[in-house]
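Q: Take this structure, written in structure tokens, and hold onto it; I'll ask about it next.
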Amino acid sequence: MVKTPLFKSLPSRDRTAAKKLVAPAVIGIWIVILFPLLYALYVSFHDWILSQGKIGEVNFSNYITVLKDPLLLNAAKNTILLTVSVVVLEIAIGFGLALLLNNKRIRLRNLYLFILLVPMLMPPITVGLIWRLLLHPDLGIINYMLSLVGLPQPIWLADPVLAMITIIIVDVWHETSFIILVLLAGLTSLPDEMYEAAMIDGASAWQKFKFVTLPLMAPTILVATIIRMIAALKTYDLVYILTRGGPGISTETISYYIYKVFFVFLDMGKSSAMAFILLAIIILMTLILMRVMRTAEQ
Amino acid sequence: MTKRVITIFGLLLIVSMLLTACAKTEQPAADGAKEFDGVTINVMMEGVPDTEYVQALLDKFEEETGATVNIEVLNYALMHEKLVPQLTAAKGTGSYDLIVVDNYWVAEFNRAGWLMALDEKIAASDKVNTDVYLPSMMEMVGKYEGKIYMLPFYNYAMALVYRDDIFSDPAIQAEYKARFGKDLALPTTIPEYVELAEFMTRDTNGDGEVDVFGASMQGLRPDPTAMEFLNYLYSMGGQLYDTDGNVVLTQDVGVQALNYYVQNMKTAAPPGAPSYGFDEAFATVAQGKAFSYITYNWMVPVLDNPEQSQVVGKMKVTAVPGGVGLLGGWGWAIPNSSANPNAAWAFIEWVESFEIAKERALMGGAPTRTDVFRDADVLAKYPHYKDVEKIVGDSIMFPMQSRAPQIVEVLGRVISETIAGSMTADAAIQELIAESNNLADK
């Protein structure tokens, strides 16, 4: 076992006991995270289609085919469009609502908060199924309501452009609660002294927001953005339920495409290679975002 | 010390695995006890009417044999991905003792060696005789490369289901004659069908919006749209592969069929149809908003059920225009990973016996046995089964290819892209032919 400062700081007779106590957790992590990850890396360097027999020789062909695959490129474009749209909208709407909810003069604040948090409590599959029913062009309640007030009734999921917009809307409806929760927690913990000082200096509401709230909230916003971004890059369930990547390939995301290569085409090698590329992109984007936000903070 | 902890942990893991494995194995019957007392048969099935009919009769089997039958009912989309890991499990350690196999998994499962050959069990059985099955069913979900791996459970040959009340309405017949100069008749070719479907698409209550569509359609990727399109292709004389597994699809026929399919989707189907799966397309028909629907022949009993439908007694079934539609079907199979193969076989013998097969048919089930199709009681209740027997006999199955799910995936994608306009029909068929060659077994 690795000698960590944690163990070094202990008296030698306690070290063995400490290691024993930690062992189950370490073994658990090995079994459920590290081993599958390393195994997937190993598989990604081999040709292996599950229904076609044995694992092949070591080679890079999976990575080469994958990077040339126009369908993966299309999925990457869709994923980036989806991620940027939902993260920007969710942070903007979520921050706005968190600021409103942070106003202690609003009556029934907790009730509003509870209602706004309900979507977060639902699993994405349920959200997808509910929305699929709501959005049914002929039988759904949304188009029925629109027809009552004489508005046009869009075919939400059957039009290539509209289908992506619909997925973005549903995702924003579902995930904004999370942003509200994180940002509201951040806002509640801001020190009052700064606002009192700003008030004495005669700052306007806008100035207080711009020079006190925003800088103090930057780390929280950063965390919320990173968590949402990582999750959005992996969007799979909404696409699976709402469109199956259609119409055409207009809503196929990387995760959905990987799922198909794995579970439909049973191509272990190619799908593992794609999963590793996705992992690398996510790590890279997280690092860049952290760097950018740090610089902005200073 | 650390080593000992790991050893203990490992031992515990092994013991728990052994215990789980032991709990499921068969024990010989004691004197006086029933043959399969205490045995649980785990079955995976799809959530369809035919599964409900089996569930309704289960008590009889459990009463006779003492076994408990545990049927896990799943949505089709989840079945394949849940089955494969269990089928790859070592002999006797899988979660499912008995499974139902969709016709387009047959080659894949058998090439991988996941299913148990049933020839010896059939030879030893006094209850099972495979000669009673329709040959088209036995070819599809019975035999594979000369051996028998499955017994046909039910058919889902596709047919044209249409509203007879609209079709025989004298006003509509007169309007049709005035417009086309000929009598209204059931379509015998795909072009005729597309023309009729467009004619039937209309605003019946004068509010300026179409409320009856000529054709209910399902454009969702991958299998809903792929299965639907194959009826157009087969009817126009096209096929993906010949019986030897060579790609025989030609650009001309493929493009023609796809163009008619897309045209029907645009001129006669509800605007949301490109994203509809089976449920939405079915709902459109059940709510009386469609004149016709190319779907499974056994949808008529379902549409005659007042709990699910507003068109009770109005639907009729006929062959897909052109006479050749897509044949589908499921077979009972015992995976090699089955922990209880003998109990599973006893269940197959029971469920496929003439009496039980007939009872299922009387509930609305889709027969696979000729003696059930021709049974007087069955025909008295469902006179149209005479036509259905012919439809099942004439239809063409999905090509017997081990990578059929992948072919369906590609097919579904290129059709959907053509409907969405991101691909031309020409390019779609070109890609389909190229991919069919890539994915072919030889």
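Residue numbers (our numbering), protein chains in the order written: chain U, 1 to 298; chain G, 1 to 442. For glycine and all other residues, C-beta sits at the position ideal for the given N, C-alpha and C. Please read all numbers here as calculations on a predicted model, not as lab measurements.
(1) State the CB to CB distance for the pair GLY214(G) and THR201(G), rounded to an integer number of angstroms; the pair is presumed to be in contact (CB under 8 Å).
(2) Any Cβ of chain G within less than 8 Å of the Cβ of PRO70(U)?
(3) Assuming contact is defined by CB atoms lying nearer than 8 Å, are TYR176(G) and PHE199(G) in contact in what I supplied?
(4) Between ALA117(G), ALA77(G), PRO49(G) and LEU58(G), which has its C-alpha nearest PRO335(G)'s C-alpha?
(5) Would you say GLN430(G) faces chain U, with C-beta separation under 8 Å as the test?
(6) Give the interface partners of THR284(G) over in chain U, defined as CB-CB distance under 7 Å, in chain order.
(7) Could you check whether the region 137-146 of chain U touches the region 283-292 of chain G, counting it as contact only if at least three pairs of C-beta atoms, one from each stretch, sit closer than 8 Å?
(8) Going by beta carbon distance, what residues of the same chain come within less than 8 Å of THR188(U), once the five residues before and after it are set aside?
(9) If I measure Cβ to Cβ from PRO321(G) and keep anything under 7 Å in the same chain, skipping five residues before and after, which residues do I get?
(10) Please work out which residues of its chain come closer than 8 Å, Cβ to Cβ, to TYR236(U), disregarding the five sequence neighbours upstream and downstream, and give them in chain order.
(11) Can you check which of these residues, TYR156(G), LEU184(G), LEU151(G) and GLY92(G), is closest to PHE167(G) by C-alpha distance?
(12) What runs of the alpha helix (DSSP H), each 4 residues or longer, lie entirely inside the region 250-289 of chain G?
(13) Name the one or two DSSP bridge partners that ALA40(G) has.
(14) Given this structure, state the Cα-to-Cα distance separating ASN74(U) from VAL239(U), to the nearest angstrom.
(15) Thinking C-beta only, is PHE347(G) closer than 8 Å to PHE61(G)?
(16) Does THR368(G) pass the burial test, meaning 16 or more other C-beta atoms within 10 Å, or should it be called exposed?
(17) State the start and end residues of the unbroken alpha helix (DSSP H) segment that holds MET122(U).
(18) Within the 8 Å Cβ cut-off, does PRO270(G) reach chain U?
(19) Below 6 Å CB to CB, which residues in the same chain sit around MET44(G) once its five sequence neighbours on both sides are set aside?
(20) Which of helix, strand or coil does DSSP assign to ALA214(G)?
(21) Taking the alpha-carbon of THR267(G) as reference, which of TYR162(G), ASN155(G), VAL210(G) and PRO399(G) has the nearest alpha-carbon?
(22) Take the Cβ of SER44(U) as the centre, count every other Cβ of all protein chains shown within 10 Å, and call the residue buried at 16 or more, exposed below.
(23) How big is the Cα-Cα spacing for GLN27(G) and PHE36(G)?
(24) How big is the Cα-Cα spacing for ILE429(G) and SER250(U)?
(25) Is THR176(U) helix, strand or coil when you go by DSSP?
(26) Using a C-beta to C-beta distance shorter than 7 Å, which residues of chain U count as neighbours of GLU280(G)?
(27) Looking at the structure shown, is SER85(U) part of a helix, part of a strand, or coil, going by DSSP?
(28) Indicate whether PHE265(U) and GLN406(G) have their beta-carbon atoms separated by less than 8 Å.
(29) Threshold first: 4 residues or longer. Then list the alpha helix (DSSP H) segments lying entirely within the region 129-167 of chain G, N to C.
(30) Tell me the rounded alpha-carbon separation between GLN310(G) and ASP304(G).
(31) Let me know if ILE125(U) comes out buried or exposed under the rule of 16 or more other beta-carbons within 10 Å of its beta-carbon.
(32) Quick one: which chain G residues come within Cβ less than 7 Å of ILE155(U)?
(33) Could you check the C-alpha separation between MET217(U) and SER147(U) for me, to the nearest Å?
(34) Mind listing which residues of the region 243-254 of chain U have their C-beta closer than 8 Å to chain G's C-betas, in chain order?
(35) Under 8 Å, do GLY238(G) and LEU249(G) count as touching if we go by C-beta distance?
(36) Identify the contact partners of ALA112(G) in chain U, using a Cβ-Cβ distance below 9 Å as the criterion.
A: In brief:
(1) 4 Å
(2) no
(3) yes
(4) ALA117(G)
(5) no
(6) ASP138
(7) yes
(8) ASN102
(9) LEU160, PRO187, THR188, THR189, ILE190, GLU192, TYR193 and SER235
(10) THR253, SER255, TYR256 and TYR259
(11) LEU184(G)
(12) 251-267 and 278-286
(13) First, the amino acid is wrong: residue 40(G) is Thr here, not Ala. THR68(G), per the DSSP bridge assignment.
(14) 15 Å
(15) yes
(16) buried
(17) Neither: MET122(U) is in no alpha helix (DSSP H) and is coded neither H nor E.
(18) yes
(19) GLU72, TYR96 and ILE99
(20) The question names Ala, but residue 214(G) is Gly in the sequence shown. In this structure, GLY214(G) counts as strand in the three-state DSSP scheme.
(21) VAL210(G)
(22) buried
(23) Residue placement at GLN27(G) is poorly supported in this model, since its pLDDT is 49, which falls under 50; the coordinates are not used for a value here.
(24) 19 Å
(25) helix
(26) HIS136
(27) helix
(28) yes
(29) 135-141 and 164-167
(30) 8 Å
(31) exposed
(32) PRO271 and GLY272
(33) 43 Å
(34) THR243, ARG244, GLY245, GLY246, PRO247, GLY248, ILE249 and SER250
(35) yes
(36) LEU50, SER51, GLN52 and GLY53
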